[in-house]
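For reference, the structure is listed below as structure tokens.
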Amino acid sequence: MGDLLASVLTGMRIVEWCSGIAGPLAGRRLRDFGATVTRLELPDEQDWLQAAGACLSPSVDSVVFEALNAGKQCVSMGTDWRNNKDLENELSSADIVITDKTREQVDAAGLRLLRSDVEAGVSPVIWVSVTPHGPRGPWARMPGSELTVEASTGYMGYIGIEPGASRLGNYVGEIGTGIFATQAALAAIYAKAERSAGGQWIDVSVMQSLLSMASIQVAAHADPDDFLGPRIRGEFYPPQRGWRCSDGQITFAFGGAVGKSGRPGWVNFVQEIGAGWMLEDERFDEFGLDTTGLGIRVEETREAYEDAFSSYTCDELVRLIREYGGSAARFQTLPEALNHPQVHKLGLVHDAANTGASVTRIPGIRVLGRPPQSDCAREGMTGKEGIEHD
Amino acid sequence: LSETKSDQRCGPLAGLKVLDLTIMAAGPWAASLLGQLGADVIKVEPPAGDGTRWVHPYQHGLGTNYLAMNVNKRSVTLDLRREDDRDYMLSLVDEADVFIQNFSGGVADRLGVGYETLARRNAGLVYCSISGFGSPPPLDKAKAADYIIQAFSGFAWGNGTPADEFEQFRFTGFIDLATAMVAVQSVVAALLERRNTGLGMHLDVPMLEAALELQFVRVSQAAAGVLSEVPAGSDGDLVYPDGAYQTLDRPVFITVRTDDEWRRFCEAIESPELLHDDSLSRNEQRVNNRAEIRRVIEPILGSRPSMWWLRCLRRQQICVAVSQNSDAFNRHEQVIANSMIGRLESEWGSVEVGGLPWRFSDTEVFLHAPPRPGSSERVRFHG
Chain G
3 MGDLLASVLT
13 GMRIVEWCSG
23 IAGPLAGRRL
33 RDFGATVTRL
43 ELPDEQDWLQ
53 AAGACLSPSV
63 DSVVFEALNA
73 GKQCVSMGTD
83 WRNNKDLENE
93 LSSADIVITD
103 KTREQVDAAG
113 LRLLRSDVEA
123 GVSPVIWVSV
133 TPHGPRGPWA
143 RMPGSELTVE
153 ASTGYMGYIG
163 IEPGASRLGN
173 YVGEIGTGIF
183 ATQAALAAIY
193 AKAERSAGGQ
203 WIDVSVMQSL
213 LSMASIQVAA
223 HADPDDFLGP
233 RIRGEFYPPQ
243 RGWRCSDGQI
253 TFAFGGAVGK
263 SGRPGWVNFV
273 QEIGAGWMLE
283 DERFDEFGLD
293 TTGLGIRVEE
303 TREAYEDAFS
313 SYTCDELVRL
323 IREYGGSAAR
333 FQTLPEALNH
343 PQVHKLGLVH
353 DAANTGASVT
363 RIPGIRVLGR
373 PPQSDCAREG
383 MTGKEGIEHD
Chain W
248 LSETKSDQRC
258 GPLAGLKVLD
268 LTIMAAGPWA
278 ASLLGQLGAD
288 VIKVEPPAGD
298 GTRWVHPYQH
308 GLGTNYLAMN
318 VNKRSVTLDL
328 RREDDRDYML
338 SLVDEADVFI
348 QNFSGGVADR
358 LGVGYETLAR
368 RNAGLVYCSI
378 SGFGSPPPLD
388 KAKAADYIIQ
398 AFSGFAWGNG
408 TPADEFEQFR
418 FTGFIDLATA
428 MVAVQSVVAA
438 LLERRNTGLG
448 MHLDVPMLEA
458 ALELQFVRVS
468 QAAAGVLSEV
478 PAGSDGDLVY
488 PDGAYQTLDR
498 PVFITVRTDD
508 EWRRFCEAIE
518 SPELLHDDSL
528 SRNEQRVNNR
538 AEIRRVIEPI
548 LGSRPSMWWL
558 RCLRRQQICV
568 AVSQNSDAFN
578 RHEQVIANSM
588 IGRLESEWGS
598 VEVGGLPWRF
608 SDTEVFLHAP
618 PRPGSSERVR
628 FHG
């Protein structure tokens, strides 16, 4: 039934006063939801992302900058912006401000009164503040990047052999913060509409986002009864690269059904691939699920699986494992993934060859169904009141 | 660290009613995040229970995964194959604003909680289906898990050292949690649309889309045909220097984003040769000469300990850090000052979870301890 929600924020004005990835991603997604987004450019500030990484030609901004900022309006402040209140006027007239400036930087720009009005709920502006390390504490004014915040928060312990040898291949802290910032802005709009609330100040940070996204690991490490499972032992594993087949690698799992005493799926699968001898190998019964996926006994049984997998292609094994009730996937490069029929069906990535812009729609907004209009709206939900604004 | 408050009516989504029929991680954390935003969340568990109750490690007998994914909820156990349990659940549906489920394909319909059935009772319901690969064939019925989606989506491709082919991020549930975040973004947007139309909708939230969103930077590069070679060890490809460099005692992680930062970096490491090298003054030049820069700066950084470089580079406002042990860092002054870890007193002792990802000055948000699973008490939504 198509994807949608593209007019949720129609008529809303977002002002972006920030650089990098997280804040501009939030602006990009709010624009995708129908808002008008204006980027402010100050003469003494430069967005590092404009010159970051590959460009399609020497005279244009980087591909990533374009992808995040295409379709936004741009307003350049004159050199006398401190005197003529242009900046304050832009910010105070917005529905939502997204900025990566600290409170001190906002105050230093002559916006102390606006800032305190927003924090006190006097101003109608919803102000989303995006910082690397949070608004308080000894690191509040310290610069931080994706790499340095990932290192600080312990993420490097879960990739590679030694912390420092490798990094996560994606900007998960910046992107995660962009998603949290978008959520927060939408939730504040909801509160404003639903409860006639005013504006407010919202803090998000890359460090906080990464720690929130680590909640499973944080809980596992708090006061565990036992030293079991990947949630507490993943930091001490060797790198996990799946199981080698004749033409690549796969990863797979059979739920709780590994071993001859388990459910029949795994048993039938190993017999199908001519590895019935695994049924007599007590390690599979003993270790079960831990021999697959990110299990803690993978290394001890890897050779047995790979011997059996060596005469099968990845696609053959993935199909068989799924047929027998397990989950499996071939390791793909990103271009391979983007060319997979499933990704095409989802319609997440638009064909934007050679433009570098507007490559993805908002994730998670395919609408599969709506109630028949004849069922009428719920009592009290008939209105056009709500998120319209001045 | 502690953040508890008995008032359940705080937060920007206060008053919202959420029915959570999910297990494991992606669905439960989506509902939990809505609860952290102030919604009233009731988790409906099947008689077999959410499997994360028995996933290691345990804390005082309950899986910590369950504890982490179910804060800010109440819980009731129902057998939806029983008519009285289903009737009670449907009475909750009648009051609910949001319904989240992550059943395997076709199961929701079989249990009588498919979208069409529920939308006939409650046209305003925002119904969120969380899955691995989404609703379209060919993979609509394929089972998924975090590591499956990491492999399929290309997420694992970018990790590791140059000799690696693929490497999993051994951070269990990471894609699940990203999926939850995407789901919350979509659900709140749908609630805003409902304010105008009065009508809910059925949203499809696949883990695969969340995994691709996490790869936004590389997806953008791929679509433009300018994808870098990966994996590249610790080196980034947007700016340079951006990597880990060995010092006298351990690696330091350094990022230099602008040409002005490059000037200050060169001053901090006392390298006038680099500072005056016109072939490295612009970021584009530095990115194209990553190997050469690494060759030059590694001996310099390797001559002194990490504490020295942390001091020098921080004085110059350059991004720098060392790799921390997460257990120790969770008690770091910066984490405590911003309440970035939530500590909740519960019957399983002091439970720690990731802190609230946002703070609101007007609609304050709080963390509440997870519920005791397995209750048969027929709770109702507040208000």
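Chains as they are written, first to last, in the numbering used here: chain G, 3 to 392; chain W, 248 to 630.
Backbone N, C-alpha and C define an ideal beta-carbon position, used for all residues, glycine too.
Can you check whether the CB of residue j is closer than 7 Å to the CB of residue i?
i, j, result
"W/Val-291", "W/Ala-278", "no"
"G/Gly-371", "W/Tyr-362", "yes"
"W/Leu-438", "W/Val-373", "yes"
"G/Gly-36", "G/Ala-8", "yes"
"W/Gly-381", "G/Leu-348", "yes"
"G/Val-351", "G/Thr-335", "no"
"W/Pro-478", "G/Gly-162", "no"
"W/Lys-388", "W/Gly-359", "no"
"G/Glu-1", "G/Ser-94", "Here chain G covers residues 3 to 392 and nothing more, so residue 1 of chain G does not appear."
"W/Cys-375", "W/Leu-450", "yes"
"W/Gly-298", "W/Ile-377", "no"
"G/Arg-332", "G/Val-345", "no"
"W/Cys-566", "G/Thr-133", "no"
When you compare only the Cα positions, how much space is there between residue i and residue j?
i, j, result
"G/Arg-117", "G/Arg-105", "8 Å"
"W/Val-318", "G/Gly-278", "44 Å"
"G/Ser-248", "G/Ser-312", "5 Å"
"G/Gly-22", "G/Phe-182", "16 Å"
"W/Val-265", "W/Tyr-335", "15 Å"
"W/Ile-544", "W/Ala-538", "10 Å"
"W/Pro-552", "W/Leu-495", "4 Å"
"G/Glu-18", "G/Met-215", "25 Å"
"W/Ile-347", "W/Gln-493", "47 Å"
"W/Asp-341", "G/Pro-343", "38 Å"
"W/Leu-325", "G/Gln-242", "38 Å"
"G/Met-383", "W/Met-448", "Low local confidence applies: a pLDDT of 39 at G/Met-383 is under 50, so the model's placement there is unreliable, with the coordinate-based value given in what follows. In a straight line, the C-alpha of G/Met-383 is about 14 Å away from that of W/Met-448."
"W/Ser-623", "W/Val-323", "5 Å"
"G/Met-14", "G/Trp-203", "18 Å"
"G/Gln-273", "G/Asp-287", "15 Å"
"W/Val-440", "G/Ile-128", "The sequence as given places Glu at residue 440 of chain W; Val does not occur at that position. Near 19 Å, if we compare the C-alpha coordinates of G/Ile-128 and W/Glu-440."
"W/Asp-609", "W/Leu-309", "35 Å"
"G/Phe-229", "W/Gly-420", "18 Å"
Just to make sure I have the definition right: I need the residues of chain G whose C-beta is within less than 9 Å of the C-beta of residue i. Which are they?
i, result
"W/Ile-347", "Result: empty, since nearest Cβ-Cβ is about 12 Å, beyond 9 Å."
"W/Lys-390", "Ala-255, Gly-257, Arg-324, Gly-327, Gly-328, Ser-329, Ala-330"
"W/Thr-610", "Ala-189, Ala-190, Ala-193, Arg-197, Ala-199, Gln-202"
Going along chain G in order, which residues have a C-beta closer than 7 Å to the C-beta of residue i?
i, result
"W/Arg-561", "Met-144"
"W/Ile-516", "Those do not exist, as W/Ile-516 stays about 16 Å from chain G at its closest Cβ, beyond 7 Å."
"W/Phe-500", "Leu-149, Thr-150, Ala-153"
"W/Pro-385", "Pro-343, Gln-344"
Which residues in chain W sit within 7 Å of residue i, going by Cβ to Cβ distance?
i, result
"G/Arg-304", "The premise fails here: G/Arg-304 is roughly 13 Å from chain W at the closest Cβ pair, so nothing lies under 7 Å."
"G/Ser-211", "Pro-604"
Just mark residue i as buried or exposed, buried being the case when its beta carbon has 16 or more other beta carbons within 10 Å.
i, result
"W/Pro-618", "buried"
"G/Arg-169", "buried"
"G/Cys-76", "exposed"
"W/Asp-484", "buried"
"G/Thr-176", "Correcting the residue identity first, residue 176 of chain G is Glu in this sequence and not Thr. Flag for G/Glu-176 reads buried."
"W/Trp-301", "exposed"
"W/Phe-413", "buried"
"W/Val-354", "exposed"
"G/Asn-85", "exposed"
"W/Ala-575", "exposed"
"G/Glu-282", "exposed"
"G/Lys-194", "buried"
"G/Val-124", "exposed"
In chain W, which residues lie with their C-beta within 8 Å of the C-beta of residue i?
i, result
"G/Val-27", "In the sequence as presented, Val is not what sits at residue 27 of chain G; that position holds Leu. Going along chain W in sequence order, the residues near G/Leu-27 (Cβ under 8 Å) are Phe-463."
"G/Arg-321", "Those do not exist, as G/Arg-321 stays about 10 Å from chain W at its closest Cβ, beyond 8 Å."
"G/Glu-338", "Gly-401"
"G/Phe-289", "Result: empty, since nearest Cβ-Cβ is about 13 Å, beyond 8 Å."
Taking residue i as the query, report the chain W residues whose CB atoms sit under 9 Å from its CB, ordered along the chain.
i, result
"G/Val-300", "In chain order: nothing, as chain W lies at least about 10 Å away."
For a minimum of 4 consecutive residues, which ranges assigned as the alpha helix (DSSP H) are wholly contained in the segment 480-551 of chain W?
506-515, 519-522, 530-535, 537-548
For the segment 293-317 of chain W, list the alpha helix (DSSP H) runs that are entirely contained and at least 4 residues long, ordered along the chain.
311-316
Could you pull out every unbroken alpha helix (DSSP H) segment of at least 4 residues lying fully inside the segment 112-165 of chain G, listed in chain order?
114-121, 148-154
Residue ranges of each alpha helix (DSSP H) run of no fewer than 4 residues wholly in the segment 365-425 of chain W, ordered along the chain?
393-400
Runs of beta strand (DSSP E) wholly within the segment 549-581 of chain W (minimum 3 residues, chain order)
566-568
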